[in-house]
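Take any residue in the sequence shown, note its place counting from 1, add 472, and you have its number in this note's numbering.
Heads up: the structure comes next, in structure tokens.
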Amino acid sequence: MWQVGSTCYSTKAQALGAAASAQTGVVVPHGGGSATVSVGSVTDTSITYVFTPVDGAPAFSQVLTLDPVPCGLLGPSEGLELAWMVALVWVSAWGMAILGRYVQSQWRGSDGE
Numbered sequence: 473m474w475q476v477g478s479t480c481y482s483t484k485a486q487a488l489g490a491a492a493s494a495q496t497g498v499v500v501p502h503g504g505g506s507a508t509v510s511v512g513s514v515t516d517t518s519i520t521y522v523f524t525p526v527d528g529a530p531a532f533s534q535v536l537t538l539d540p541v542p543c544g545l546l547g548p549s550e551g552l553e554l555a556w557m558v559a560l561v562w563v564s565a566w567g568m569a570i571l572g573r574y575v576q577s578q579w580r581g582s583d584g585e
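In structure tokens form, the structure reads like this:
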């Protein structure tokens with residue numbers, strides 16, 4: 473699994489395709505003018521961007537070699553582990569509150585009140 477943004481994809485090509493699609497239609501500065509970006513092709517290891525100058529000059533392409541990031545999103549097992557830790561903190565806080573009340577009541581009782 474490979475991650476782009478907050479989504480995981482099953483293949484590297486799908487992940488790079490998602491990353492490339494975010495750039496489609498963007499206008500970027502080039503030289504003294506601007507060019508629009510489109511995607512020429514996507515493989516498991518690269519994205520080919522095609523830049524079309526707005527002023528009608530010939531289009532040119534650029535190949536970017538990329539390695540997508542492995543998916544790092546939390547799965548069900550990590551979520552369950554975190555839930556148990558949160559529950560443990562709440563139970564500990566509750567226990568400390570009960571213990572504090574008990575100690576306070578014993579302390580007040582020893583003053584002769």
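Yeah, the Cβ is synthetic: ideal placement off N, Cα and C, and Gly gets one too.
Fair warning: this is a prediction, and the values are worked out from it, not measured in the lab.
**Study point:** Entirely enclosed beta strand (DSSP E) segments - the segment 523 to 547, minimum 3 residues
**Key:** DSSP runs (the beta strand (DSSP E)) wholly in the segment 523 to 547: 532 to 537.
Review point. Of the residues Gly544, Trp474 and Val500, which one's Cα is nearest the Cα of Pro525?
Key: Taking only the C-alpha atoms, the option nearest Pro525 is Val500.
Review point. Ordered along the chain, which non-local residues of its own chain (more than five positions away) have a Cβ less than 7 Å from that of Cys480?
Key: Around Cys480: Met473, Trp474, Cys543 and Leu545.
Point to revise | Cβ pair Ala491, Pro540 closer than 9 Å | key: Cβ distance < 9 Å, so Ala491 and Pro540 count as in contact.
Check your understanding: How many angstroms separate the CA atom of Ser533 from the CA atom of Gly512?
Key -> In this structure, the straight-line span from the alpha carbon of Ser533 to that of Gly512 is close to 8 Å.
Review point. So, helix, strand or coil for Ala507, using DSSP?
Key: DSSP, reduced to helix, strand and coil, places Ala507 within a strand of the structure shown.
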